[in-house]
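Residue numbers (the UniProt record's numbering): 1 to 298.
All remarks here apply to the structure that follows.
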Amino acid sequence: MNSYFSQEYPFTGKKLELNGLNYHYLDEGSGSTVVMVHGNPSWSFYYRNLVLALRDRYRCIVPDHIGCGFSDKPGDDRYDYTLAQRVDDLERLLDQLGLVDNITLVVHDWGGMIGMAYAVRHPERISRLVILNTGAFHLPKTKVFPPALDICRNTAFGTLLVRGLNAFSVGASYVGCKRNPMNAELRSLYQLPYDSWQNRIATLRFVQDIPLRPGDRGYDLVSAVSDGIDQFKNLPMLICWGELDFVFDGHFLAEWQRRFPDAEVHSYPDCGHYILEDAREEVVPLIREFLEQTKVSL
Numbered sequence: 001m002n003s004y005f006s007q008e009y010p011f012t013g014k015k016l017e018l019n020g021l022n023y024h025y026l027d028e029g030s031g032s033t034v035v036m037v038h039g040n041p042s043w044s045f046y047y048r049n050l051v052l053a054l055r056d057r058y059r060c061i062v063p064d065h066i067g068c069g070f071s072d073k074p075g076d077d078r079y080d081y082t083l084a085q086r087v088d089d090l091e092r093l094l095d096q097l098g099l100v101d102n103i104t105l106v107v108h109d110w111g112g113m114i115g116m117a118y119a120v121r122h123p124e125r126i127s128r129l130v131i132l133n134t135g136a137f138h139l140p141k142t143k144v145f146p147p148a149l150d151i152c153r154n155t156a157f158g159t160l161l162v163r164g165l166n167a168f169s170v171g172a173s174y175v176g177c178k179r180n181p182m183n184a185e186l187r188s189l190y191q192l193p194y195d196s197w198q199n200r201i202a203t204l205r206f207v208q209d210i211p212l213r214p215g216d217r218g219y220d221l222v223s224a225v226s227d228g229i230d231q232f233k234n235l236p237m238l239i240c241w242g243e244l245d246f247v248f249d250g251h252f253l254a255e256w257q258r259r260f261p262d263a264e265v266h267s268y269p270d271c272g273h274y275i276l277e278d279a280r281e282e283v284v285p286l287i288r289e290f291l292e293q294t295k296v297s298l
């Protein structure tokens, strides 16, 4: 690893053995638990600045999903690349660490679906929610499924693009930030774990696992989570949103606000999907302030 990586990601990760696979995670700091769940095609690297800002007062747990980051990247014969399995993995990790109460969930992209599925499974464990450009419900009726995702999800050409050319990770590193575009070094670090056909399996499987209609794998689980998240209306919730996200756009934000009208919302019209990069200097302090202000009510 080069010095720039060590400077940006100054952590020593840990690993949990999951059915013969190494599940990598960060475990930084002490105090009440903040669990940060990433999406696709990012990894725990996305949360690095938030971990650095919080670990003096909180215990920050940040897993790399199997197939992502520094976790193992097995073939389909050794791992079931599904939403249900992702939720089971997260549950195993937190149970193994004995973290079963007063959890603050921070979720982004697929992490919203994974994290909120865990929350619905164990609502008594969750104390606060931080929502960053994500969903925990089906595609809003007003939202058209992006053609680029459709190609990746449903065509052999999409498979070639994602696994052969790393188009999904490369593309996200270019379009994910609008106000503050990533420089070449930062883009390379986002793409770092996805350096071969084999190591891009999760990047493709995540897209292929998007459930759009009844009968799709995972559709019923998404329905159950969508029905179950309303129970969190009385929890403190912070929403930070980049409005120029081409997937998790204003249609998704409107649905979050409809369901959680009392949430604290900060929306950025000039920012994109990777809101912790694009508006880092604003959003990271906002999250820390939110945790400090809501501590007395826990």
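Even glycine gets a Cβ: it sits at the ideal position worked out from N, Cα and C.
Residue burial is scored here from C-beta neighbours: Y174 has fewer than 16 other C-beta atoms within 10 angstroms and is therefore classed as exposed. Contact annotation, Y81 with L21: C-beta distance approximately 12 Å; criterion of less than 8 Å not satisfied.
By the beta-carbon neighbour count (other beta carbons within 10 angstroms, threshold 16), A156 is exposed. Just measuring C-alpha positions, the residue of D216, F248, Y23, E243 sitting nearest L83 is D216.
The C-alpha of V35 is placed about 7 Å away from the C-alpha of I103. C-alpha of V162 to C-alpha of A279: approximately 27 Å in a straight line. Annotation for V265: the continuous beta strand (DSSP E) segment containing it runs 264-268. Restricted to the region 6-84, the beta strand (DSSP E) segments that are unbroken, complete and at least 3 residues in length are 14-18, 21-28, 32-37, 58-63, listed in chain order. For M237, the enclosing beta strand (DSSP E) begins and ends at 237-242.
Going by beta carbons, R259 and D220 fall outside the 8 Å limit. Taken atom to atom, the span from the alpha-carbon of A184 to that of D76 is near 32 Å. I131 is bridged by DSSP to V107, I239. Residue range 147-154 is occupied by the alpha helix (DSSP H) that includes I151. Setting aside the 5 residues that flank it on each side, C240 is surrounded in the same chain by L132, H266, I275, V283, L286, each with a C-beta closer than 7 Å to its C-beta; the list follows chain order. Between L105 and V51, the gap from beta carbon to beta carbon reaches 8 Å or more.
The beta carbon of Q191 lies closer than 7 Å to those of N166, S169, V170, S173 in the same chain, with the five residues before and after it left out. In the three-state reduction of the DSSP assignment, I114 falls in the helix class, which pools H, G and I. Between H138 and P211, the alpha-carbon positions lie close to 8 Å from each other. In the assembly as shown, S71 is a buried residue. Its beta-carbon has 16 or more other beta-carbons within 10 Å.
In the displayed model, I229 falls within a helix according to three-state DSSP.
The straight-line gap separating the alpha-carbon atoms of K178 and G272 is approximately 5 Å. Going by beta carbons, G67 and R205 fall inside the 8 Å limit. Leaving aside the five residues that flank N199 on each side, the residues in its chain whose CB is nearer than 7 Å to its CB run, in chain order, K73, P193. Pairing L186 with L16, the inter-Cα distance amounts to about 27 Å. The Cβ neighbour count for N40, taken over all protein chains shown within 10 Å, is at least 16; the residue is labelled buried. Straight across, the Cα-Cα distance linking H122 with S196 is about 37 Å. By the neighbour-count criterion, in which a residue is buried when 16 or more other Cβ atoms sit within 10 angstroms of its Cβ, P146 is exposed.
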